[in-house]
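Reading through the structure tokens given below for one structure.
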Amino acid sequence: MTWRPDLSVKISKLMLKNPIMPASGTFGTEMSPFIDFNRLGAIVPKSITLNERSGNKGPRICEVEGGMINSIGIQSKGIDYYTEHIIPDFAKYDVPLIASISGDTIDEFAILAERLTGIDRVAGLELNISCPNLRNNGIAFGMDEKTTNELIRTVRQVTDKPLIAKLSPNVTHIQDTALAAEKGGADALTVANTFLAMAIDTETRKPKIGNLMGGFSGPAVKPLIIRLIFQVHQVTSLPIIGSGGAMTGQDVIEMILAGASAVQVGTANFMKPAAMLDIIDEIADYMMRHHIDKIADLIGKIDLE
Amino acid sequence: MTWRPDLSVKISKLMLKNPIMPASGTFGTEMSPFIDFNRLGAIVPKSITLNERSGNKGPRICEVEGGMINSIGIQSKGIDYYTEHIIPDFAKYDVPLIASISGDTIDEFAILAERLTGIDRVAGLELNISCPNLRNNGIAFGMDEKTTNELIRTVRQVTDKPLIAKLSPNVTHIQDTALAAEKGGADALTVANTFLAMAIDTETRKPKIGNLMGGFSGPAVKPLIIRLIFQVHQVTSLPIIGSGGAMTGQDVIEMILAGASAVQVGTANFMKPAAMLDIIDEIADYMMRHHIDKIADLIGKIDLE
Amino acid sequence: MKNLHSEILFNRPVNDRYWKMAVDVTALEESVRPGQFFHIQCSDDWRNLLRRPFSVYKFDRRTRILEFLYLIKGSGTQALMKKRPGEMLDMIGPLGKPFSLPAGDASILLAARGVGVATLHALAQAVPAEGRRAIAIVSAQKRDDLLAVDDLRQSGAQVYAVTDEDGTSTMDQVGKLAEMLIEDYGISAVYTCGSKRLAKLMQNLATIHNLYAEIAMEAHMACGLGDCYACACPIRKEKGIEAVRICSEGPVFPLRQAVLS
Amino acid sequence: MKNLHSEILFNRPVNDRYWKMAVDVTALEESVRPGQFFHIQCSDDWRNLLRRPFSVYKFDRRTRILEFLYLIKGSGTQALMKKRPGEMLDMIGPLGKPFSLPAGDASILLAARGVGVATLHALAQAVPAEGRRAIAIVSAQKRDDLLAVDDLRQSGAQVYAVTDEDGTSTMDQVGKLAEMLIEDYGISAVYTCGSKRLAKLMQNLATIHNLYAEIAMEAHMACGLGDCYACACPIRKEKGIEAVRICSEGPVFPLRQAVLS
Ligand SMILES: Cc1cc2nc3c(=O)[nH]c(=O)nc-3n(C[C@H](O)[C@H](O)[C@H](O)COP(=O)(O)OP(=O)(O)OC[C@H]3O[C@@H](n4cnc5c(N)ncnc54)[C@H](O)[C@@H]3O)c2cc1C
Ligand SMILES: Cc1cc2nc3c(=O)[nH]c(=O)nc-3n(C[C@H](O)[C@H](O)[C@H](O)COP(=O)(O)OP(=O)(O)OC[C@H]3O[C@@H](n4cnc5c(N)ncnc54)[C@H](O)[C@@H]3O)c2cc1C
Ligand SMILES: Cc1cc2nc3c(=O)[nH]c(=O)nc-3n(C[C@H](O)[C@H](O)[C@H](O)COP(=O)(O)O)c2cc1C
Ligand SMILES: Cc1cc2nc3c(=O)[nH]c(=O)nc-3n(C[C@H](O)[C@H](O)[C@H](O)COP(=O)(O)O)c2cc1C
Ligand code: FES
Ligand code: FES
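Chains as they are written, first to last, in the numbering used here: chain A, 1 to 305; chain B, 306 to 610; chain C, 611 to 871; chain D, 872 to 1132.
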């Protein structure tokens, strides 16, 4: 009668009660009046940097058809504040906490990873290697296989926490960076960060983003992300976390069929603060309608005849 | 009183009465009941191949949020039919005809270019180097700088017609392929072809495109195309033809501000067969409202302070 | 062929899955023929960017009122359902090649399944004026889905309704029924739409009984005009199998040309 | 703070660029204070994915009717304009830090330009209950845009309207007018919204006259809650200039902290 489908999935050593987690940068404690955090598969707070950063100049976001462009610039209070305030804030929830870390150099990533490894409440690390960095002329680490490999290898040496590499979609062959991350020791891959994009206000002729370019997210990018997830799933058996354009339970199912084991929800949170809970319910409905017992059985199960 | 702004632009040796032309594959003679072809800046028929090709299996298109995915597979009757029927069909219009050519090998491109060079009515050639080819494991010529350079260099040797290279957007650094095309002898660049994408029907679990993946076009891709046009415009002084997501006159102005000299309209034709004429009118309205005499003065004029 | 903005006269449910809509097409000079379709903008939301093709269900030459019968399938038809009388419908048409009738005044057989009946209804409606009679086999999953049966009868057609629910719609049963009708009514032509299995059956019967036969085909469309080759499907031609455009070379094809496997 | 689906009571033009909308917020238990805003889903079209922030224009504690005054600017407000009474408005709020008043019962000065008056009107409406009086300088390009002047007067405010059209709105003139009002009415606090130049002027006057002063700021927002840092703008703090979130740390800030260059 009250049979409920099994939504649990495994990402490396992490057991998630369902595949839904927030995308880094789109989620925080201020959402607690709208959503019971205990119902989520995991919690991913905003990316943290070693030192305090004030972020980019405004406008930091603009709306485009079917999505938005952001260039927040990882405004952050630094790792001390993070370990003293952010982690304890989330510690009360019975949900694995995945810390997203970001840095301008490989060393910064390693220092952050080392510091967070000492903290029990941190269940895993997501490496945001897909945002522009200072060292390499504005090019993200994740746009180059060698750098990706070196970065993950370095971080791998200082931590035994599950390492999730968040890949950049702005590449010719994502398979190459995916394999570079795998060889470097990543335990899972997030596919992917935002797409580099730009918009111009035709009335003022000024860029709509203060920082000129930014990352494109929202429903418009989903067909690109489905393709990227599928391509990555074909070359590696690492678990994949889909990220980009998930607005409904159906979008999540599509990502899972393409090869994702879990899915991050970002832009949808801005439209509807309770979006993640609705999505979890829609997944369960879909499973019941299709008589699917375990969501894990659907991973990569696109029917190619 | 009846002052009309000057919409003319130059693409290499081609003088266009306005910046609007159809995107290859989305336009044909069947649109003539809806649109006066003489009002267009140029005409670009569907890409032609050397031999007859039957195209890909269906479904060849699917709708996605804010756009569509297509995988037509360049169904074509071959070059003989093209020179005997398609070119004469368009010859009656007083508009430069740009022939889009496509091939599986560099030689095929060269043979096609040579044959079309003998035809006066062909004003220029657009090289569709951005569709997957057989030689290189499904990778488009335009995804690799060396191949791009070699292809254009080879074609350049057999023709003196203006050569327009249609770049692939599915690359890490479009600047590299743009420069490779320029060095190969291209006279202009189309930025860009469609984005590799995929969609899955969650009810049947089957891919929505018979050929699994296809090219993503429509309003959703505009923020990516604006960024690509801007990046290409920064590294080369070759004229750029924007292609991707132009639905309104405002979209065209945005592309021109980013660096485009002309703009191709594709998906919009399917929504509104007279879309290109409406767009031309909207451009003129914008210019009058902003007291802009010549559209050419706006090219690349984004205000970066 | 025109891009029309036609006033919606009514738009109402037929049952819980099907709707009927009527529009005023006085702005259209040309005739609208059975088998043709209109390419319709269901909403201006960019979730439904592309137009959707819908067959002529009914056309009144005198009042120039055009009707569609449509199945609520996805986001486009869900949006269509929300249109109110008095609103304008953006549509391109009439498009495509219509059905044709062989010479003579013999009766014709229509074999439709599901919403395929929408296309064939227009034909049933047209034949009495040619002094002929239409006999229709209408197949559906459930009795509730037996669409247009009353409309068909009103147009003078003789209707045989079969359903999965009643266990009367197996290919075996429909084959026997059709054989009987072909003989009893001296059928000279068969028309089919809406099911591959049904089409295969009719293809066989048409060969055996040497009947003129046509099929109305479906494919996802972009332009609807013949320019983009989005809708191309395999069809058996003299030279072998070719990919032809359903929108402009069809949607109606000789049934023997249909590739049904 | 709640995600409400509130019934629209009316939605009508004030002039050709501005509209007023009222919604029923009986579902909301908490109080709604001047300076706060609601984050509103203008349509479910994916051309307007993000919510838009609108200030409380008027709030009736008894009837729990909430009003907004809004400028038709782009696609979001164009969609908002099309909503009909009886439809539901999806909004999150009340959000943000409200205005605060210094102790005492001295009059306060409001200096607004354009739609900035929407935010300050809520304050004008609230002060009489505190036994104070609001004096308002309302600046606009054209006389037709002099918004809310009647509403302000009805709320008991003394209104000075200036326009570019009349040549009465230069910073020089407004400065002199404000100086006069500050002295004549014994103003203890200034509130401003809608123009950087006006804010700068008030910043100077507040320093000179040692007045309590606040500004309501604007920024593009995504979450509206304080989670995403989309809306962060530079603000002068003790330690120097910091990027603070307009949505949750503002939109109301001490005027001296505003970075106005
Ligand atoms: C020539 C022709 C005549 C038709 N006549 C009728 C009719 O009279 N009544 C009726 O109910 N249906 C008819 N159809 C099918 C109708 O076009 C689809 O049911 C409709 O497009 C579904 O749109 P949707 O957004 O509701 O569904 P979705 O499944 O959400 O559509 C997604 C996309 O797929 C396309 N698509 C989905 N199914 C079909 C289909 N069967 N054929 C073509 N494109 C499809 C849609 O156009 C859209 O682009 C006809 C199809 C063709 C080709
Ligand atoms: C705290 C606050 C209170 C506000 N109160 C009011 C009010 O009471 N009445 C009123 O008319 N306007 C108010 N605004 C401005 C209002 O939010 C914008 O005019 C509105 O978002 C424009 O949306 P649009 O789609 O019509 O315009 P577009 O220019 O098409 O909007 C495009 C995008 O830019 C954003 N945007 C554009 N202008 C602004 C702006 N000034 N502030 C923030 N985001 C903007 C939009 O939200 C949208 O995401 C307020 C803004 C803030 C920050
Ligand atoms: C406002 C905003 C801020 C973001 N900040 C971060 C960040 O700090 N670190 C990160 O790895 N990704 C960041 N992202 C990317 C998201 O985590 C996510 O990968 C992306 O938005 C795609 O998912 P969506 O389409 O569901 O939004 C941000 C995205 C947005 C919209
Ligand atoms: C149905 C369809 C067919 C296309 N065929 C071709 C083609 O044959 N050759 C080519 O170079 N580009 C082709 N394209 C790409 C378009 O020319 C254009 O670059 C792309 O659609 C982006 O523009 P849009 O967003 O305005 O549609 C095709 C696009 C579509 C939608
Ligand atoms: S839909 Fe374009 S050719 Fe048929
Ligand atoms: S809008 Fe998200 S923090 Fe202010």
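Built from N, CA and C at the ideal position, the CB exists for glycine as well.
Look up residue i in the DSSP assignment and give the residues it is bridged to.
{"i": "GLN1128(D)", "result": "Partner(s): none; GLN1128(D) has no beta bridge."}
{"i": "PHE446(B)", "result": "Its beta-bridge partners do not exist; DSSP assigns none."}
{"i": "GLY67(A)", "result": "VAL64(A)"}
{"i": "GLY957(D)", "result": "For GLY957(D), which the question treats as bridged, DSSP gives no partner whatsoever."}
{"i": "PRO1122(D)", "result": "LYS968(D)"}
{"i": "HIS649(C)", "result": "PRO663(C) and ILE702(C)"}
{"i": "HIS830(C)", "result": "Per DSSP, none; premise fails for HIS830(C)."}
{"i": "PRO623(C)", "result": "TRP629(C)"}
{"i": "VAL265(A)", "result": "PRO22(A)"}
Please list, in chain order, the chain C residues whose beta carbon lies closer than 8 Å to that of residue i.
{"i": "ARG955(D)", "result": "Neighbours of ARG955(D) on chain C: none; closest Cβ ~13 Å, over 8 Å."}
{"i": "GLY512(B)", "result": "The displayed chain sequence assigns Pro, not Gly, to residue 512(B). Those do not exist, as PRO512(B) stays about 13 Å from chain C at its closest Cβ, beyond 8 Å."}
Measure from the alpha carbon of residue i to the alpha carbon of each residue in the options, then state which is nearest.
{"i": "ASP120(A)", "options": "VAL232(A), PHE90(A), GLY300(A) and SER54(A)", "result": "PHE90(A)"}
{"i": "PRO22(A)", "options": "VAL95(A), THR159(A) and ILE79(A)", "result": "VAL95(A)"}
{"i": "VAL885(D)", "options": "LEU1017(D), SER902(D) and ALA1000(D)", "result": "LEU1017(D)"}
{"i": "SER191(A)", "options": "ILE11(A), LEU167(A) and MET68(A)", "result": "As written in the sequence, residue 191(A) is Val, which differs from the Ser given in the question. Taking only the C-alpha atoms, the option nearest VAL191(A) is LEU167(A)."}
{"i": "ALA997(D)", "options": "GLY1046(D), SER978(D) and ALA1103(D)", "result": "SER978(D)"}
{"i": "ASN18(A)", "options": "GLY66(A), LEU212(A), PHE195(A) and SER261(A)", "result": "SER261(A)"}
{"i": "PHE709(C)", "options": "LEU865(C), SER871(C), ASP715(C) and LEU870(C)", "result": "LEU865(C)"}
{"i": "VAL540(B)", "options": "ALA486(B), ILE505(B), GLU587(B) and ILE588(B)", "result": "ALA486(B)"}
{"i": "ASP1098(D)", "options": "PRO273(A), LEU189(A) and GLY249(A)", "result": "PRO273(A)"}
{"i": "ILE11(A)", "options": "PRO88(A), PRO239(A), GLY185(A) and ILE292(A)", "result": "PRO239(A)"}
{"i": "ILE534(B)", "options": "GLU389(B), SER337(B), ALA483(B) and LEU355(B)", "result": "ALA483(B)"}
{"i": "ASP700(C)", "options": "PRO712(C), VAL862(C), SER653(C) and ALA868(C)", "result": "SER653(C)"}
{"i": "VAL986(D)", "options": "ALA1005(D), GLY967(D), ALA1011(D) and ASP976(D)", "result": "ALA1011(D)"}
Run down chain F in chain order and give the residues with a C-beta less than 9 Å from the C-beta of residue i.
{"i": "ARG657(C)", "result": "No chain F is part of this structure, whose protein chains are labelled A, B, C and D."}
Determine the chain C residues that contact residue i at a beta-carbon separation under 9 Å, and present them in chain order.
{"i": "PHE339(B)", "result": "MET611, LYS612, ASN613, ILE702 and LEU835"}
{"i": "PRO528(B)", "result": "Result: empty, since nearest Cβ-Cβ is about 14 Å, beyond 9 Å."}
Quick check on the DSSP output: the alpha helix (DSSP H) that includes residue i runs from which residue to which?
{"i": "GLN764(C)", "result": "759-764"}
{"i": "ASN18(A)", "result": "Unbroken run through ASN18(A): none, as it is neither H nor E."}
{"i": "PRO528(B)", "result": "527-540"}
{"i": "THR778(C)", "result": "Here THR778(C) belongs to no alpha helix (DSSP H), and DSSP marks it neither H nor E."}
{"i": "ALA809(C)", "result": "806-819"}
{"i": "LEU517(B)", "result": "That residue, LEU517(B), is in no alpha helix (DSSP H); it is neither H nor E in DSSP."}
{"i": "GLY1111(D)", "result": "It is not in any alpha helix (DSSP H) - GLY1111(D) instead sits in the beta strand (DSSP E) that spans 1111-1116."}
Run through chain B and tell me which residues come within less than 8 Å of residue i, C-beta to C-beta.
{"i": "GLN651(C)", "result": "MET576"}
{"i": "ALA767(C)", "result": "Within 8 Å Cβ-Cβ: nothing; ALA767(C) doesn't reach chain B, min ~32 Å."}
{"i": "GLN250(A)", "result": "THR507"}
{"i": "MET198(A)", "result": "PRO528, ILE531, ARG532, PHE535 and ALA563"}
{"i": "VAL64(A)", "result": "LYS527 and PRO528"}
Starting from the beta carbon of residue i, find every residue of chain D whose beta carbon is closer than 9 Å, and list them in chain order.
{"i": "THR26(A)", "result": "ALA1093, CYS1094, ASP1098 and CYS1099"}
{"i": "SER12(A)", "result": "What SER12(A) touches in chain D: nothing, since even the nearest Cβ is about 27 Å away."}
{"i": "SER130(A)", "result": "Within 9 Å Cβ-Cβ: nothing; SER130(A) doesn't reach chain D, min ~18 Å."}
List, in chain order, every chain A residue whose beta-carbon is nearer than 7 Å to that of residue i.
{"i": "ARG888(D)", "result": "The contacting residues do not exist; ARG888(D) stays about 15 Å from chain A at best."}
Give the range of the beta strand (DSSP E) segment to which residue i is assigned.
{"i": "TYR801(C)", "result": "799-803"}
{"i": "TYR1100(D)", "result": "Looking at the DSSP string, TYR1100(D) is not in any beta strand (DSSP E), and its letter there is neither H nor E."}
Completely contained alpha helix (DSSP H) runs for the stretch 39-125 of chain A, where each covers 4 or more residues: With a minimum length of 4 residues, the continuous alpha helix (DSSP H) runs that stay inside the stretch 39-125 of chain A are 87-91 and 106-117.
Start-end ranges of the alpha helix (DSSP H) lying completely within the stretch 453-527 of chain B, minimum 4 residues: Counting whole runs of 4 or more residues, the stretch 453-527 of chain B contains the alpha helix (DSSP H) stretches 479-489.
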